[in-house]
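Below is one structure, written out as structure tokens; the observations come after it.
Number of protein chains: 2
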Amino acid sequence: MEFVECTYYVESAMPIDRAARAIAAEQSTGTWTDISTKEKEVDERLGARVIDIDGSNVKIGFPIDLFEIDNIPQFLATVAGNLFGLGALKNVRLIEIKLPKSFLSEFKGPRFGIGGIRKKVGTLNEGRAHVGTIIKPKVGLSPKETAEVAYNAGIGGCDLIKDDETLTNQAFCPIVERLEKVMEKIDKIKEESGRTVLYAVNITVGAEEIIERADIAMAHGANMLMIDFLTAGFSALKTLRDDDSVNLPIHVHRTMHGAITRNSKHGISMLPLAVIVRLCGGDQLHTGTAKGKMESDLEEVKEINDFLKSDWHSFKKVFPVASGGLHPGVVPYEINAFGNDVVLQAGGGIHGHPDGTTTGAKAMRQAVDATRKNIPLEKYSLDHPELLRALEKWGRKVDWSELYGK
Amino acid sequence: MEFVECTYYVESAMPIDRAARAIAAEQSTGTWTDISTKEKEVDERLGARVIDIDGSNVKIGFPIDLFEIDNIPQFLATVAGNLFGLGALKNVRLIEIKLPKSFLSEFKGPRFGIGGIRKKVGTLNEGRAHVGTIIKPKVGLSPKETAEVAYNAGIGGCDLIKDDETLTNQAFCPIVERLEKVMEKIDKIKEESGRTVLYAVNITVGAEEIIERADIAMAHGANMLMIDFLTAGFSALKTLRDDDSVNLPIHVHRTMHGAITRNSKHGISMLPLAVIVRLCGGDQLHTGTAKGKMESDLEEVKEINDFLKSDWHSFKKVFPVASGGLHPGVVPYEINAFGNDVVLQAGGGIHGHPDGTTTGAKAMRQAVDATRKNIPLEKYSLDHPELLRALEKWGRKVDWSELYGK
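The listed protein sequences derive, respectively, from chains V and A.
Under our numbering, the first residue of the first sequence carries the number 50, and numbering increases by one thereafter.
Under our numbering, the first residue of the second sequence carries the number 50, and numbering increases by one thereafter.
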């Protein structure tokens, strides 16, 4: 029999082996009291097994027949369901998922992946880190104003422009008009510079409407789609990927993840979430930064990025996105940590440049170039004034608790 | 201007007023660095405001125009999005949501509510607590075996029978065959006893398929639907409610909530989640127990249940469900804590009765009757042997850390 293997960090007043058995029981065939002989037969066939115990980490094997495989909500209910509430456990955290081949075969994985996106943008040979930005102010601009900012960022050198996660289809910036205006500018950049800039338009909405919104986006010229997989639900991402008419790369944001991932002893680690995102077809995924404003454990982010870029089944590789408080001064840290297969996304760190968005985008690209050539930013900035101005403003790092919310 | 008001518990190395402003900025128009004068104009129009600070609790007002109102993922991105990951905050927990009338008016709330469900079951006048059960073993039974257990529970006195949250449409128990077999037994119970028993068939699946699955359930005679709102996504619940063809009450389960709600300093409290469930149309919702196996704060559960049963806009009231480790011996605790408008759901506490499921269901109903008549269980059990046997097995309470996982 094949098993889905999940590893949990567990704290309990019970001995660890009994805590492990409690999880296996709660999440498969058991309950808290003895029931009948029937249960023994069922348990042998479908009961989850404790496979291994290593310190506080327990590995549980779930027989594949427990799953309605392509029903992600059912999968989560089984491996990440009631156990988080069990009073007998003090803390429990899902830290790893291993899926058998027969499970993986039901999924398509990324449609484009790192290679497909590089091909679109024209960086397949160059292989450098991509530079992305988010429109700022993140909400409140009109479609025309949004397009202006997008043009300024793109012409300056950004490879990717994305909507804020809170911007979908509000009255102050309707999605159709926004998309039309931005894509006009994306076309203009192409004409003027020959470069393809991706615009990840945020089509996040419930899965019941996601294809409809993707169709609208495609009808108005979108070249990339953005979705928030936790608020919209994994099935919205999978629905997008599984629909053959949606022939665009998918930029996957993870807003709300901190509610689930941040406590290091409880909840769900980002890694298993990243596994499901790759499975369901995300082409880009936000995973954290080396030096940013969001709480982030560098070793953990590296592990996630390594997984996204690893050979896994027949799935294409996912482009990791580092985002949240980046600016030119931290670029070497990010590339040293994650390599060149990363999208370095700067919002304030581009639009907040003293000389404006276009100069800010240039400074970010210069920081990427300097790092690739192994030249210290200070030295490179001597004949790159855009970078120099950025370094003068932000330095190499930022004390977030000082700067944020001033 | 109207505002969505959200209260957050906040811990930060920054002074609380600056932490509050950081949240307001991150979740609306701001970023970590100054950008331009444009931002000031936008901020005045759409920026979230710090309304109040009370100790560690900060209340933020989000202008209504920030929202694409019926897009729940967008709503969550705004009030429960990136803030959980902000490095400048040590802990942050969404504890309350207040919605203005123009927001509420876009939602329908429960289709049936407590009154509608009582009408179906025939307890409108009697007004007693309902008794529910989950099929046990929770997975692994065939449709025919599931139906046998359902019959035994229903004829013994259960008002509600539900699927396990991990049981959807697996090969070992396909939903159509399961539903047909169970509804035959529900009809049989009606013929034999005149009583209507609800069967909450678990149609949890992504929102893209939820109506299809509801249609299948209705075509095969379902009288109640069950959905897990966190794994399937809020939009799946809302889609079910908003579709006029789905004329059945919705039993809402909350598997995975412990990953988000359990840490008392971080994440999202159950109360705001319950607010959204009522808004989106859940008729029953799991909220916790007074004496159960799941971790539960009694005062918090009371507060949630009070909200579900309160007068709120034009929305019908939601039937709270207490579930997880209940048995006849704890019934008085539950009813004393929550009143009679509660569904007391016992799985192991019914099927694990020494004399089997039917006797177990009778014992639960006897415990409800005794409590209504204000008769101590021990006394009532003197001429109710089913209850006596249950009390002999489980007593009045259970040491979960002892019993679970033995």
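Heads up, the beta-carbon is just placed ideally off N, CA and C, and yes, glycines get one too.
All figures in this text were calculated on a predicted structure; none of them were measured in a lab.
For residue 355/V, there is no enclosing beta strand (DSSP E); the enclosing alpha helix (DSSP H) covers residues 347-357. Here residue 362/A is exposed, its C-beta having fewer than 16 other C-beta atoms within 10 Å. Taking 8 Å as the cut-off, the beta carbon of residue 78/A is found closer than this to the beta carbon of residue 96/A. Counting only unbroken stretches of 4 or more residues, the alpha helix (DSSP H) elements lying wholly within the region 118-147 of chain V are 121-128, in sequence order. Distance between residue 409/V and residue 276/V, taken at the CA atoms: about 26 Å. Counting the other CB atoms within 10 Å of its CB gives residue 343/V a total of 16 or more, which places it among the buried residues. Contact of residue 121/A with chain V is assigned, a C-beta pair being separated by under 8 Å. Look at residue 178/V here: in three-state DSSP terms it is coil, with no helix or strand label.
Contacts with chain V at 8 Å (Cβ-Cβ) do not include residue 106/A. Going by C-alpha positions, residue 187/V is about 29 Å away from residue 288/A. In the structure shown, residue 93/V adopts helical secondary structure according to DSSP, grouped into three states.
Flagged as an interface residue toward chain V: residue 186/A, by a C-beta distance shorter than 8 Å.
Legend: CB atoms of the region 216-233 of chain A lying less than 7 Å from CB atoms of chain V belong to residues 217, 218, 219, 220, 221. In terms of Cβ geometry, residue 367/A and residue 327/A form a close pair [threshold 8 Å]. For residue 333/A, the secondary structure class from DSSP, reduced to helix, strand or coil, is strand. Residues of chain V with a Cβ closer than 8 Å to the Cβ of residue 342/A are, in chain order, 81, 135, 136, 137. If the five residues before and after residue 382/V are omitted, its C-beta is found closer than 6 Å to the C-beta atoms of 339, 340, all from its own chain and listed in chain order.
About 5 Å separates the beta carbons of residue 182/V and residue 202/V, which is inside the 8 Å limit, making them a contact pair.
Secondary structure at residue 301/A: strand, using DSSP grouped into helix, strand and coil.
Per DSSP, reduced to three states, the secondary structure at residue 213/V is coil, with no helix or strand assignment. At a cut-off of 8 Å between C-beta atoms, residue 94/V counts as an interface residue with respect to chain A. Residue 126/A has a beta carbon lying within less than 8 Å of a beta carbon in chain V. Contact annotation: the region 204-221 of chain V touches the region 408-422 of chain V, with at least three C-beta pairs closer than 8 Å. In terms of beta-carbon proximity, residue 160/V stays away from the interface with chain A, with every pair separated by 8 Å or more. Straight across, the Cα-Cα distance linking residue 428/V with residue 404/V is about 20 Å. Rounded to whole angstroms, the separation of the alpha carbons of residue 290/V and residue 199/V is 26 Å. Bridge pairing for residue 194/A: absent [DSSP]. Apart from sequence neighbours up to five positions away, the residues of its chain that approach residue 442/A with a beta-carbon distance below 6 Å are 403, ordered along the chain.
Contact check for residue 271/V and residue 228/V: beta-carbon distance about 6 Å, within the 8 Å limit, so the pair qualifies.
What residue 311/V touches in chain A, judged by beta-carbon distance under 7 Å, is 133, 134, 315, going in chain order. Here the region 119-126 of chain V makes no contact with the region 293-302 of chain V; the two share fewer than three CB pairs at distances below 8 Å.
Taking C-beta separations shorter than 6 Å and ignoring five residues to either side along the sequence, the partners of residue 214/V in its chain run 277, 302, 304, following chain order. Within the region 263-323 of chain V, the runs of beta strand (DSSP E) that reach at least 3 residues and sit entirely inside it are, in chain order, 273-277, 299-302. Cβ-Cβ distances below 6 Å link residue 235/A to 246, 248 in the same chain, with the five nearest sequence neighbours on each side left out; the list follows chain order. For residue 110/V, DSSP records a beta bridge to 54/V, 98/V.
Beta bridge pairing from DSSP links residue 361/A with 364/A.
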